[in-house]
Amino acid sequence: DSSTIFKVLKSIESLKDADMGVAGEDDDRTLCNLMIDQIEFANVILLNKTDLLGGADSPDMKKVMGIVKKLNPKAKVHQTTKSEIDLAEILDTKLFDLQEAQMSAGWIQELMKPAHTPETIEYGVSSFVFRSRTPFHNKRLYNVLKGFGRIEQIVAEQQGTKERVRKRKKRKSDGGKRHPAAGVIRSKGQIWIANANDFPFQIQSAGKHLSIQPSQIPFFQAKGETNWTEIDQKNVKVLKERGRWDEQVGDRCTEIVLIGVDLDKKVLTQKLLEACLTKEEFSAGPNTWKKHEDSLFEG
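Everything in the sequence shown is counted per this note's numbering, starting at 1372 for the first residue and increasing by one.
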């Protein structure tokens, strides 16, 4: 439903609360999680009710189209009204390929690009990869992450003049401009956090729903060369051949794909860099890093 995409992106309602009959006991996904998962895995997508957004050529519909194509660049997308479409376009298309579907998500496509590929922007929807060989200070990282998915700030700025003025005044009374990460609707990758130096953390977000989980496997450098298995040695060799091994920090790194609406890459990149340790903090070493206040996990 094209007319509700922005509403779902702003939602934190869980599948259980929505009582849609698709959530198991251990399923803690939100409606937004489900929508983005479906878009990323599909090979044919119908964007229905385009008339409610002003038609296919309206700015709102173009932005919705931009979001869907950024989330899944390989999908065939049809815009419809009242779901009217030639059935041959959606039935027995023989387009589905499991292996290709598993690699079709926009965040995967973004990671596969060369490191210095310029960002692409279409209808205000863009994506880029943030990479760093310096760990995050978890409190400063938390201050960036808490702004993810505040899409209502973006939507408000694109509404009528009176509404924009009202929202601007409200933001001013709340302490300033919109959060630099407000437009992030999807993120996925790996982060290196200073006070948990030995293990990478897997991060992903869909709308306002954010998940950070520790990997069960430590960084190769943390594991220590004397403890590497034969497979570890082969993997490290590949990393070195691909220029993904650093002489000082080894395989420790942060690599996050960020997809969003009206993102200011320069500002958001700067905020993420500022969330990393300073040279002085880095020089203090891991024993000092362990003492950092834990804002992410409260422990």
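Virtual Cβ for every residue (Gly too), placed ideally from N, Cα, C.
Query                                                                                                                                                                     : Result
Taking Gly1437 as the reference, which of Gly1518, Ile1376, Gln1409, Asn1404 has the closest Cα?                                                                          : Ile1376
Mapping the DSSP letters down to three states, classify Arg1615 as helix, strand or coil.                                                                                 : coil
Need the endpoints of the beta strand (DSSP E) that Phe1501 sits in, please.                                                                                              : 1496-1503
Of the choices Pro1589, Ile1564, Lys1440, whose alpha-carbon is the least far from that of Gln1409?                                                                       : Lys1440
Could you check what DSSP says for Gly1621 in three-state terms: helix, strand or coil?                                                                                   : strand
With distances taken from CA atoms, which of Asn1568, Lys1650, Asn1509, Ser1374 is nearest Lys1434?                                                                       : Ser1374
If we count the other Cβ atoms within 10 Å of its Cβ and call it buried at 16 or more, is Asp1372 buried or exposed?                                                      : exposed
Work out the CA separation of Asn1566 and Glu1652 for me, nearest whole Å.                                                                                                : 12 Å
Check whether the Cβ atoms of Ala1446 and Ala1413 sit closer than 8 Å, and answer yes or no.                                                                              : yes
Using alpha carbons as the reference points, say which of Asp1457, Thr1649, Val1448, Asp1633 lies closest to Arg1549.                                                     : Asp1633
Exposed or buried, what is Ser1506 when buried is set at 16 or more other beta-carbons lying within 10 Å of its beta-carbon?                                              : Looking at the sequence itself, residue 1506 is Pro, so the reference to Ser does not match. Flag for Pro1506 reads buried.
Kindly indicate the opening and closing residues of the beta strand (DSSP E) around Ala1672.                                                                              : The shown model of the chain, from 1372 to 1670, leaves out residue 1672, and the question about it has no answer.
With DSSP run on the structure shown, which of helix, strand or coil describes Lys1559?                                                                                   : strand
Looking at C-alpha atoms only, which residue of Trp1616, Arg1615, Glu1411 is the closest neighbour of Pro1444?                                                            : Glu1411
Enumerate in chain order the residues of its own chain whose CB-to-CB distance from Phe1570 is below 6 Å, with the five nearest sequence positions on each side excluded. : Pro1585, Ser1586, Pro1589
Are His1663 and Cys1403 closer than 8 Å when you measure CB to CB?                                                                                                        : no
Can you tell me which of Asp1431, Arg1511, Gly1656 puts its alpha carbon nearest to the alpha carbon of Gly1495?                                                          : Asp1431
Under the assumption that Leu1417 contacts Ser1454 (Cβ atoms under 8 Å), give the Cβ distance between them as a whole number of angstroms.                                : 7 Å
In the DSSP assignment, find the alpha helix (DSSP H) that holds Pro1506 and state where it starts and stops.                                                             : Looking at the DSSP string, Pro1506 is not in any alpha helix (DSSP H), and its letter there is neither H nor E.
In angstroms, rounded to a whole number, what distance separates the CA positions of Gly1656 and Gly1621?                                                                 : 15 Å
So, with DSSP's three-state summary, where would you put Gly1631?                                                                                                         : strand
Is it the case that the Cβ atoms of Phe1499 and Leu1643 are separated by a distance below 8 Å?                                                                            : no
Could you give the distance in angstroms between the alpha-carbon of Trp1616 and the alpha-carbon of Phe1591?                                                             : 10 Å
With burial defined as no fewer than 16 other Cβ atoms inside 10 Å of the residue's Cβ, what is the status of Ser1544: buried or exposed?                                 : Here Ser1544 scores only 45 on pLDDT, less than 50, and its place in the model is too uncertain to base an answer on.
By Cβ distance below 6 Å, which residues in the same chain neighbour Gly1554 in space, the five residues on each side in sequence not counted?                            : Ile1525, Gly1631, Val1632, Asp1633, Leu1634
Using the beta-carbon count (16 or more within 10 Å), is Val1379 buried or exposed?                                                                                       : buried
I'd like the ranges of any alpha helix (DSSP H) spanning at least 4 consecutive residues and lying wholly in the stretch 1632-1670.                                       : 1636-1646, 1650-1655, 1657-1660
Can you check DSSP and say which residues form a bridge with Gln1584?                                                                                                     : Gln1573
By the 10 Å Cβ neighbour count, where 16 or more other Cβ atoms means buried, how is Phe1572 classified, buried or exposed?                                               : buried
Classify Lys1453 as helix, strand or coil using the three-state DSSP reduction.                                                                                           : coil
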